[in-house]
Amino acid sequence: MARPSAPRGLPDVVPPASEHLEEAEALARSLFDRYGYRRIEPPVMEYTEVFQRAAGDSSEVVLDKQMYTFTDRSDRSLTLRPEGTAGVVRAFIENDLGKKLPQPVRLFTIGPMFRYERPQKGRDRQFEQIDVECIGSASPVIDAEQLVLASEFFERLGLEVQLNLNSMGDLADREKYWPVLREALSDKIEDMCDDCHVRLEKNPLRVFDCKVPECRKILRAGDIPPISEFLGEESRAHYEALQEMLETLGIAWKDAPHLVRGFDYYTRTVFEFDIPSLGGRPTVCAGGRYDGLVEQLGGAPTPAIGFAIGVTPTLIAMEEKEAAKPWQPELFVVWTEGVASVALATATDLRRAGLRVAMSDEAKSFRSQLRSAERLGARTVVIVGADEVARRVAKIKDMMSGDEREVALDGLVKELRTR
RNA sequence: GUGGCUGUAGCUCAGCUUGGUUAGAGCGCCUGACUGUGGCUCAGGAGGUCGGGGGUUCAAGUCCCCUCAGCCACCCCA
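Sequential numbering of the first sequence, starting at 1167, is according to this note's numbering.
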């Protein structure tokens, strides 16, 4: 290797993508603030045990392969976080946030996550996620609040999303459902793929995620009852209350009776937001209620719900829609030989006044500088040439109309700021 | 992790089958025509470790091996 390259799957985020990232994350911060979600920043790595305990034994074999796990110098096993929830919940417990903060506790974190997977477009080994959690309430009001919050996020980015919604019931509901599912599939299992045989043994609900056409056909045939028909009284009431609130809020959703999660800790509400135009992997946000996780990680039994926004696919969708704009100056300062200091001082004054200002680094020809202004998309050009400086004025040129007018240098900032 | 496709200029690609003088195009970029005024046009220019390493050969972008990276499907999607 003649030149060093970034490790496989670890992306450089460069402009304009980095600006899209900033736009999305800045929006998230301001939006979450209005909903009362407060920032928490757990470390990017945890003792491996944290993630293992969170995952339970539902799919440990596969997960271990996809985690960035290593041994530190003190021979402890650490893992770069593959997702946000486990670390947030661990921090919630460790910092006694269940006692220190008003309940329920609303938290969000934004940052990189790591999964050792084969990279593809929109699937890197390091990727940004926006993680939102509300810990300490079992009320469907919180479920609805989170769905509104996620909806508003995408709406404000100008992205059209589809919400897929389901309820998986609680653990007791699922234990009743498993034998029903196994029974319903018993005479069809022979036609299903090897993976589904394993799934039916270890994690039966995951058969609904199978992509093999044969399996899909069988599962969609209609004689397989979905889990939503096996919800207990409380789970059913919870789900109905949520749906009623969504209707009142005008949030559209699609019933997804086969939508499931791979982890044991998920209970009741599960959801995904898709952007169909993304094709193969359309999901930009996924989440659900996890009433069992806090206890599973050693805390007091505490209900909770959360979701994660995949920033990478969101950025791809923004770029496809051209919903994101690259950096663009409002003003471009044109100058000539000998007045560099005045030109730079003028640009600096305008920048201090809050304007986005670009300026050539050399006293190039007017033609060249105006061409730059045009290409950068500046709407207004400020001309500070030797002639103007001698008379203590600047020319202001409107790039749309081509009109020019002169303004005293002293009053320039005031003039342009109030436009 | 499995299977497959692709790496040539900033971008999109041609050239590879049938090895042979200075490796091309379009777009973009820079400069000039217009010596202080953008978009259009015209002219000129810069820019290339042909992903990297090794091999075969008088000669490799072209053939062979290895390797790295990207992409697609699977897997997985906490």
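Ideal Cβ placement from N, Cα and C applies to all residues, glycine included. All of these numbers come straight from a predicted model, not from anything done at the bench.
Q) Nearest-angstrom Cα distance between TYR1432 and ALA1183? A) 33 Å
Rounded to a whole number of angstroms, what is the C-alpha to C-alpha distance between ARG1583 and LEU1323?
27 Å
| said: With a threshold of 8 Å on Cβ separation, who are the neighbours of GLU1212 within its own chain once the five nearest residues in sequence on each side are excluded? | reply: LEU1244, THR1245, ARG1247, ALA1252, GLY1253, ARG1256
Determine the direct distance from the alpha carbon of ARG1545 to that of MET1566, and round the result to whole angstroms.
7 Å
task = Please check the pair PRO1370 and LEU1347, which I expect to be a contact at CB under 8 Å, by giving their CB distance rounded to whole angstroms.
result = 5 Å
Q. Exposed or buried, what is TRP1493 when buried is set at 16 or more other beta-carbons lying within 10 Å of its beta-carbon?
A. exposed
Q. Alpha carbon to alpha carbon, how far is ILE1549 from TRP1501?
A. Those two C-alpha atoms are separated by around 6 Å.
Out of THR1235, ILE1355, GLN1328, LEU1415, which has the shortest C-alpha to C-alpha gap to ASP1421? GLN1328
With distances taken between CB atoms, is the gap from THR1480 to ALA1190 smaller than 8 Å?
yes
### Beta-carbon proximity list for ALA1519, same chain, < 6 Å, skipping 5 on both sides
Hits under 6 Å: VAL1579, ARG1583.
Practice task
Could you give the DSSP three-state label for PHE1429: helix, strand or coil?
Solution key: coil
Closer than 7 Å to a non-hydrogen atom of the ligand SAH - does that hold for the CB of ARG1402? As presented, the structure is devoid of all ligands, the ligand SAH included, so that no description of it is given.
Report task. Starting from the C-beta of VAL1590, find all residues in its chain whose C-beta is less than 7 Å away, skip the five residues before and the five after it, and write them out in chain order. Result -> In this structure the chain extends from 1167 to 1585, so residue 1590 is not present and cannot be described.
Residue closest to LEU1542, alpha-carbon to alpha-carbon, out of SER1531, ILE1296, LEU1497 | LEU1497
**Q.** Alpha-carbon spacing of GLY1288 relative to HIS1424, whole angstroms
**A.** 25 Å
Suppose you measure from the CA of THR1478 to the CA of PHE1320; what does that come to, to the nearest Å?
13 Å
request  = Return the chain-ordered list of same chain residues with a C-beta closer than 8 Å to the C-beta of GLU1207, the five sequence neighbours on each side being excluded.
outcome  = THR1275, GLY1277
message = In whole angstroms, give me the CA-to-CA distance for ARG1517 and ARG1557.
response = 23 Å
Next item on the list: Could you name each continuous alpha helix (DSSP H) segment of 4 residues or more that falls completely within the stretch 1209–1248, going from the start of the chain to the end?
Entry: 1214–1221, 1226–1232
Next on the checklist: Considering only their Cβ atoms, is the gap separating VAL1450 from ALA1483 smaller than 8 Å?
Outcome noted: yes
To the nearest angstrom, how far is the alpha carbon of PRO1474 from that of ARG1272? Here the sequence assigns Ala to residue 1474, which means Pro is not the residue at that position. Straight-line Cα distance between these residues: approximately 14 Å.
>> By the DSSP assignment, the alpha helix (DSSP H) with ILE1482 in it spans what residues?
In response: 1477–1487
* Can you tell me the Cα-Cα spacing of LEU1187 and ASP1290, whole angstroms? -> 15 Å
- Since SER1507 is in the alpha helix (DSSP H), which residue starts that stretch and which ends it? 1506–1518
Exercise. With a Cβ-Cβ cutoff of 8 Å, do ASP1309 and THR1214 count as a contact?
Worked result: no
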